[in-house]
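Q: Our numbering puts the first residue of the sequence shown at 298, with every later residue one more than the last.
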Amino acid sequence: MRRFLRPGPDPERERLKQDLFQFNKTVEHGFPHQPSALGYSPSLRVLAIGTRSGAIKLYGAPGVEFMGLHRENNTVVQIHFLPGQCQLVTLLDDNSLHLWSLKVKGGVSELQEEESFILRSPPGAAPSATQITVVMPHSSRPLLYLGTESGNVFAVQLPAFRVLEDSTISSGAVLQRLPEEARHRRVFEMVEALQEHPRDPNQILIGYSRGLAVIWDLQSSCVLYYFLSSQQLESASWQRDGRLIVSCHSNGSYCQWPVSGDAQQLEPLSNCVPYGPFPCKAITKIFWLTTKKGLPFTIFQGGVPRASYGDRHCISVVHGSQQTAFDFTSRVIDFTVLTEVDPTAAFDDPYALVVLAEEELVVIDLKTAGWPVLQPPYLASLHCSAITCSYHTSNIPLKLWECVIAAGSRQSAHFSTMEWPIDGGTSLAPPPPQRDLLLTGHEDGTVRFWDASGVCLRLLYKLSTAHVFLTDTDLNENLHPEAEDDWPPLRKVGSFDPYSDDPRLGIQKIVLCKYSGHLAVAGTAGQVLVMELNDEAAEHTVEQAEADLLQNQTGYRWKGHERLCARPGPLHFEPGFQPFMLVQCQPPAVVTSLALHSEWRLVAFGTSHGFGLFDFQQRRQVFVKCTLHPNDHLAMEGPLSRVKSLKKSLRQSFRRIRRSRVSGRKRRPAGPSGEVPEASARVERVGLQNMELAPVQRKIEARSAEDSFTGFVRTLYFADTFLRDSSHHCPSLWAGTNGGTIYAFSLRVPPAERRTAEPVRAEQAKEIQLMHRAPVVGILVLDGHSVPLPEPLEVAHDLSKSPDMQGSHQLLVVSEEQLKVFTLPKVNAKLKLKLTALEGSRVRRVSVAHFGSRRNEDYGEHHLAILTNLGDVQVVSLPLLKPQVRFSCIRREDVSGIASCVFTKYGQGFYLISPSEFERFSLSTKWLVEPRCLVESTDARKHNCPHNGGGPETTMTPARNSGSQNDQEERSPGLVMEHALLNDEKVLREVQSTLEAGRASHGDWQSHKVAVGHRLSNGGGFGGEEAVSDPIIHDRSECVPPFLLAE
């Protein structure tokens, strides 16, 4: 046991770690995955979205965001805000109701769950008797009216969810109060609609599925009016003055029923089938809204002809002679209309239509002619085409920023100029100290530029590469020209379009030089496009070059997809990034790594067959290098045929298991573990409390040179360093492969005055083969002060110190198995750190990050941020390779999330938590991007008092715990576990193998509280240069960086 002991931690260093490192999941960017419910508060001007996983997210003005998670991960079916209050009620598919409040604490609002409730059936009754179908909060009383499948309407008092038996409106009571001529029909089934009278809170409209609707008086418990329809009722709503009711039905019709003091009207004023006479889909929801100009708005969902348009997702807007059926590319979950808030106003005057679709949120301007769509400042549909890679860069120069925004504004001319109507709450977060860009590559060949400076991820500019190539899309457009009928008047809206007619267009790698405005993008079919920023439109021919990575070797035949053919002749390009050079790799395999050095005007690219270097100033190839192993035939079969031999894979797995068992038996002590003398055990326990245990590391298994894809180029890196001798430094290109081979090429780049006349020359200087042949994940050169080399042009723009060229440089090679430091130029091993602990973790992502102190503005350290295949995030010091902290960040089963994770240069990170959402997290105490906002009720705003909006005073309870636990009790399990680790003898015996896991679980406990506790102010994020679809993706420190100043 003593051989695992090593000197304990330095107390001063431990205090410094607390000033540098802290793990937080801060905000979620993008659109909620699998939305299921929509709610809106006219008084708060706040929107709520519920999901199938039990999450609710609230959005107001840009930067005002909240998130909560139900204890039960059930689908959120309905969301209702309590009128005039900072409270809302959610209904889940398990028939449970939950009351949430926005409470002010420490000057900011927090979303907290107060109470939960399940409406129980009486003994002997069927479960459907209390299955809730409709929820209606009362405007002037702390009551909820609950319509059920049995036709009964229950009244529940808030906030205690106490059922008021005397106020229950049973179907039998309604039947007794109907006239004789209406009783003989089977009019009762489930309640489909509950609406309060807009002028009289004592009257409510109850609609039943069989076609009956009644106006019930709450004071006298009687039916004032009833309406009978021959069609099944879907929904019903009041006109603003209460004189008209509009009902919609399953046959695609809607009816208008008059409400007056005259005799009962048995027939509707009008019965309209807007898209008849053929059978139509049901109209599931309808609004009848009045305007000052006299012509009302009729807005309804569905109703289109079933035979021809049964697969369409439509919401129709009718205003006088204008009629449009908005056609959404994904299923409509729900919609609402924003109208005049004042209940005493004579007219509705609708100004915006808010539609929650399955894959995006669409807001339509009803005030502007043509009803244009608004561009949302948040809830962006990141996955409008599937995300294939991403790239993040920070501290964008103002000139580049303005050019990108100007180019994007030209693309946004079709959007409405109306201000964003959902603007409730106040964002208290400080303004972003810098400008950050997140670039996402997509399957359809587009690159989207997002403003990632703050909480809201906003689309700035969209770049398409498809028009550079001749694709299958052109053929399909010619074969299927648009020939839409004039009726129904369909109009496509929304940006979600997941289908790509040519998957070869998919973007796999992105690199942007923010100083020169050069952009390099690489795709699925081996295409590499080099672009430059131009603020004016241009027309020119894209030059082409071919890079034969097989170097004319015989015996190989590519079995994958064909290359993309470029369009001939000059092409027109809009202002923005315009391609001027196309390099086509042969074979046209997926580009797996990409590097750009705009100061030297060079771009390097790699595939599964090799890598090459191209001079984009002289438009010529510098060199190509084939890395293909003679026995690697799978690399020639393309991405769709990459299937390893099952027999070979199983054989290698059993060998590793057998070896690990043998090595485990060798490490086992001779005597039984229980024979340690008691006094000795006591001494050991005392020592363990003051000493740190060295984790047991498994032996690194050497991999065969004949493994498939050993020539797969994982990383490319440019560096100006000492490659041949210690007295002369020169430009160099480094490449790392999947087989643990590192190639180093010395480059001769002519000086600026002769750059266009003399060619760039390259010569291979070194080839390093790692003994264990593990894939090379990252390469980094440290200068004489052990500081990573700056980015290209960073020193020229006075944004970084010049690297130290006096002392000796060091080469850091990060493989999946270990980190190793070599001296340059002799490449002698100096230090190494094996991260392959007993769990069998492997490095998946690595990046250099600068961690600033939260106490001392002038102090900071450079460290390595590492993500493993187990989802753990670790920080390792440079250049000594000493582990600093470790946190559990991503579930080990979330392969896509781990593959998409990227670190920033300032200790933050991003990863995909769903196809449409990035989670943002921070390892730094100094740099945080998180929402800090305040939402007050109408009464609170009137009195300028930061208290909860009018709800009864009740004790708050944590969302993920029972109602009797408080915050201190919530933390107690962590304290108990810490006490057990220090005092439990059994735990001490196993601490040798579980110390690291124990630390991870402690970090996981903290993140669990943030991620699922009900006080979530938000979720998380993502970023970096990563191909999401491929778990083997290159990480570079310059490829990522978002952050914001902490409070």
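Glycine included, each C-beta is placed from N, C-alpha and C at the ideal position. Since the model is a prediction, treat every value here as computed from it, not as a measurement.
1. I'd like to know if the stretch 490-499 and the stretch 529-543 are in contact, where contact means that at least 3 CB-CB pairs between them fall below 8 Å.
2. Between the alpha carbons of S618 and E1216, how many angstroms are there, rounded?
3. Quick test of your reading: A1059 and F1042, contact by CB under 8 Å. State the CB separation rounded to the nearest angstrom.
4. Would you list the residues sitting across from L282 in a DSSP beta bridge?
5. Are the CB atoms of A842 and V888 nearer to each other than 8 Å?
6. List the DSSP bridge partners of Q824.
7. Tell me whether D316 sits in a helix, a strand or coil according to DSSP, three-state version.
8. Give me the Cα-Cα distance between L472 and S506, rounded to the nearest whole angstrom.
9. Count the CB pairs spanning the stretch 1100-1112 and the stretch 1045-1057 that are closer than 8 Å, and state whether there are at least three.
10. With DSSP collapsed to three states, give me the class of D307.
11. For the beta strand (DSSP E) containing W747, name the first residue and the last one.
12. Regarding V361 and the ligand PLP, is the C-beta to nearest heavy atom distance less than 7 Å?
13. Mapping DSSP to helix, strand and coil, what is T1034?
14. For P872 and R707, I'd like the C-alpha separation in whole angstroms.
15. Find the nearest neighbour of Q528 within the set V1078, P565, V1110, W1031, judged by alpha-carbon distance.
16. Pick out whichever of H1094, V1118, E1227 has its Cα sitting closest to the Cα of P1085.
17. Between the alpha carbons of S687 and P574, how many angstroms are there, rounded?
18. Using a threshold of 8 Å, state whether the C-beta atoms of G907 and V919 are closer than that.
19. Could you give the C-beta distance for S1234 and G381, rounded to a whole number, given that I count them as a contact under 8 Å?
20. Could you have a look at T427 and say whether DSSP puts it in helix, strand or coil?
21. Quick one: Cα of G360 to Cα of L754, how far?
22. What's the gap between the Cα of E896 and the Cα of F911?
23. Within the continuous beta strand (DSSP E) that includes C519, where are the two ends?
24. Please go through the same chain and pick out, in chain order, the residues whose beta-carbon is closer than 6 Å to the beta-carbon of S713, but skip the five residues on each side of it.
25. Among T1012, E1064, S1221, L1096, which residue has its Cα nearest to the Cα of P1072?
26. Using only alpha-carbon positions, find the residue among H689, L1167, V790, W513 that is nearest to H711.
27. If you draw a straight line from the C-alpha of P1176 to the C-alpha of T1034, how long is it?
28. Below 6 Å CB to CB, which residues in the same chain sit around V615 once its five sequence neighbours on both sides are set aside?
29. Just checking my contact of S291 with C569 at CB under 8 Å: how many whole Å lie between their CB atoms?
30. Grouping DSSP H, G and I as helix and E and B as strand, with all else coil, what is G1149?
31. DSSP on S724, reduced to helix/strand/coil?
32. Where DSSP assigns a beta bridge to F1119, which residues make up the other side?
33. Quick one: give me the first and last residue of the alpha helix (DSSP H) that I1187 is part of.
34. According to DSSP, which residues form a beta bridge with F625?
35. In three-state terms, what does DSSP make of I719?
36. My understanding is that S1029 touches V1074, with C-beta atoms under 8 Å, so please give their C-beta distance in whole angstroms.
A: So, from the listed chains and residues:
1. yes
2. As a position in the sequence shown, residue 618 is number 321, starting the count at 1. As a position in the sequence shown, residue 1216 is number 919, starting the count at 1. S618 and E1216: Cα-Cα distance of roughly 46 Å.
3. Working through the sequence shown from its first residue, we reach residue 1059 at position 762. Working through the sequence shown from its first residue, we reach residue 1042 at position 745. About 5 Å; that satisfies the 8 Å criterion.
4. Look at the range of the chain in this structure, 298 to 1344, and you will see that residue 282 is not part of it.
5. Numbered from its first residue, the sequence shown carries residue 842 at position 545. Numbered from its first residue, the sequence shown carries residue 888 at position 591. Not a contact, by the Cβ cut-off of 8 Å.
6. Counted from its first residue, the sequence shown places residue 824 at position 527. For Q824, which the question treats as bridged, DSSP gives the partners Q881.
7. Here the question's residue 316 lines up with position 19 in the sequence shown. Here D316 sits in helix by DSSP.
8. By one-based count along the sequence shown, residue 472 stands at place 175. By one-based count along the sequence shown, residue 506 stands at place 209. When rounded, the distance between both Cα atoms is 15 Å.
9. no
10. Mapped onto the sequence shown, residue 307 falls at position 10. Residue state, collapsed to three classes: coil.
11. For the purposes of this step, residue 747 is taken as the residue at position 450 of the sequence shown. Note, W747: beta strand (DSSP E), 743-748.
12. The model on display carries no ligand, and the ligand PLP is accordingly not part of it.
13. Here residue 1034 corresponds to residue number 737 of the sequence shown, with the count starting at 1. Strand.
14. Working through the sequence shown from its first residue, we reach residue 872 at position 575. Working through the sequence shown from its first residue, we reach residue 707 at position 410. Cα to Cα, the separation comes out at about 9 Å.
15. Walking along the sequence shown from the start, residue 528 turns up at place 231. Q528 has its Cα closest to that of P565, out of V1078, P565, V1110, W1031.
16. As a working note, residue 1085 is residue 788 in the sequence shown. Taking only the C-alpha atoms, the option nearest P1085 is V1118.
17. Counting from one through the sequence shown, the residue named residue 687 turns up at place 390. Counting from one through the sequence shown, the residue named residue 574 turns up at place 277. Rounded to the nearest angstrom, the two C-alpha atoms are 50 Å apart.
18. Indexing the sequence shown from 1 puts residue 907 at position 610. Indexing the sequence shown from 1 puts residue 919 at position 622. It is not a contact, given that the beta carbons lie outside the stated cut-off.
19. As a first step, residue 1234 must be located in the sequence shown, where it is residue number 937. As a first step, residue 381 must be located in the sequence shown, where it is residue number 84. That pair is a contact at about 6 Å.
20. For the purposes of this step, residue 427 is taken as residue 130 along the sequence shown, with counting starting at 1. T427: helix per DSSP, three-state reduction.
21. The residue given as residue 360 occupies position 63 in the sequence shown. The residue given as residue 754 occupies position 457 in the sequence shown. One C-alpha to the other measures close to 10 Å.
22. In the sequence shown, residue 896 corresponds to position 599, counting from 1. In the sequence shown, residue 911 corresponds to position 614, counting from 1. One Cα belongs to E896, the other to F911, and the distance between them is close to 14 Å.
23. If you number the sequence shown from 1, residue 519 lands on position 222. That run of the beta strand (DSSP E) goes 519-525.
24. Walking along the sequence shown from the start, residue 713 turns up at place 416. Around S713: D662, T665, P669, L671.
25. By one-based count along the sequence shown, residue 1072 stands at place 775. Ranking the options by Cα distance to P1072, first place goes to T1012.
26. What you label residue 711 is simply residue 414 of the sequence shown in a count that begins at 1. Minimum Cα distance to H711 is reached at V790.
27. Against the sequence shown, residue 1176 aligns to sequence position 879. Against the sequence shown, residue 1034 aligns to sequence position 737. Whole-angstrom Cα-Cα distance: 23 Å.
28. Locating residue 615 in the sequence shown gives position 318, counting from the first residue. Cβ neighbours of V615 beyond the five flanking positions: T595.
29. With the chain covering 298 to 1344 only, the question about residue 291 has no answer from this structure.
30. On the sequence shown, position 852 is the one that residue 1149 refers to. G1149 falls in the strand class under three-state DSSP.
31. Counted from its first residue, the sequence shown places residue 724 at position 427. Strand, per DSSP.
32. Numbered from its first residue, the sequence shown carries residue 1119 at position 822. L1108, A1126.
33. By one-based count along the sequence shown, residue 1187 stands at place 890. Note, I1187: premise wrong, no alpha helix (DSSP H); not H, not E.
34. Numbered from 1 along the sequence shown, position 328 holds the residue referred to as residue 625. Paired residue(s): H610, V790.
35. Along the sequence shown, read from residue 1 onward, the residue named residue 719 stands at position 422. In this structure, I719 counts as coil in the three-state DSSP scheme.
36. For this step, residue 1029 is matched to residue 732 along the sequence shown. For this step, residue 1074 is matched to residue 777 along the sequence shown. Their Cβ separation, rounded to whole angstroms, is 19 Å, which puts S1029 and V1074 out of contact at 8 Å.
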